[in-house]
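One structure is given here, and the rest of the page talks about it.
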Amino acid sequence: MQNQLFADIPLSERKRYLSDNCDRVEELEYLKPYESDDLNQLKDSYTDVSIQIAKLEAEKKKLTDEFNKTLKELKGKAGITLLYLRNKAEQVTEPCYMFFDTEAKIVGYYNAEGRLVSSRPMRPGENQQTVFGLTRGDEFKTGTND
């Protein structure tokens with residue numbers, strides 16, 4: 008079979024010649040090649056669309072990064088708040104005042120409000136009384152009346 012029929016007949020009459028000389032006419036789906044002008048126009052269109060896509064993806068990434076940053080901060084705050092709610096207290100670092108109870112051999116730590124925040128057994132060497140520890144009892148212990 009030939010690649011092209013009736014090439015010498017003008018394009019406007021070629022369709023009639025093909026119809027008159029064929030055995031049957033059927034609808035057929037096939038790939039019709041583009042002309043070079045149409046192909047260049049499609050390439051330009053594809054380039055424009057690709058540039059628009061790249062711009063939108065860059066904008067989407069920027070917005071997604073900002074969104075994720077905000078979301079991460081809020082989740083962090085929610086996590087800390089939930090921890091405070093679970094513990095019914097918050098973790099702080101502040102000066103505490105240490106008091107020795109030599110009779111019970113316990114050390115107590117008090118915050119600035121005067122509340123006991125922690126206690127532990129005395130370590131060796133901590134059971135020696137200071138001048139302030141001697142006067143802290145109900146009476147001043149001299150060793151005579153004990």
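Counting from 8, one number per residue, gives the positions in the sequence shown under my numbering.
Where a beta carbon is used, it is the ideal one built from N, C-alpha and C, also for glycine.
Counting along the chain, residue 53 sits inside the alpha helix (DSSP H) bounded by residues 43-94.
Beta-carbon to beta-carbon, residue 116 and residue 129 are separated by about 13 Å, too far to satisfy the 8 Å threshold. Per the DSSP secondary-structure output, residue 32 pairs with nothing in a beta bridge. Contact annotation: residue 118 and residue 101 have beta-carbon atoms nearer than 8 Å. DSSP places residue 15 outside both helix and strand once states are collapsed to three, so it counts as coil.
DSSP, reduced to helix, strand and coil, places residue 123 within a strand of the structure shown.
For residue 115, the uninterrupted beta strand (DSSP E) segment begins and ends at 113-117. Secondary structure at residue 24: helix, using DSSP grouped into helix, strand and coil. Residue 131 carries a coil assignment under DSSP once its states are collapsed to helix, strand and coil. DSSP places residue 105 in the strand class (E or B) of the three-state scheme. The same chain holds no residue with a CB closer than 8 Å to that of residue 94 once the five nearest residues on each side in sequence are set aside.
C-alpha of residue 111 to C-alpha of residue 79: approximately 49 Å in a straight line.
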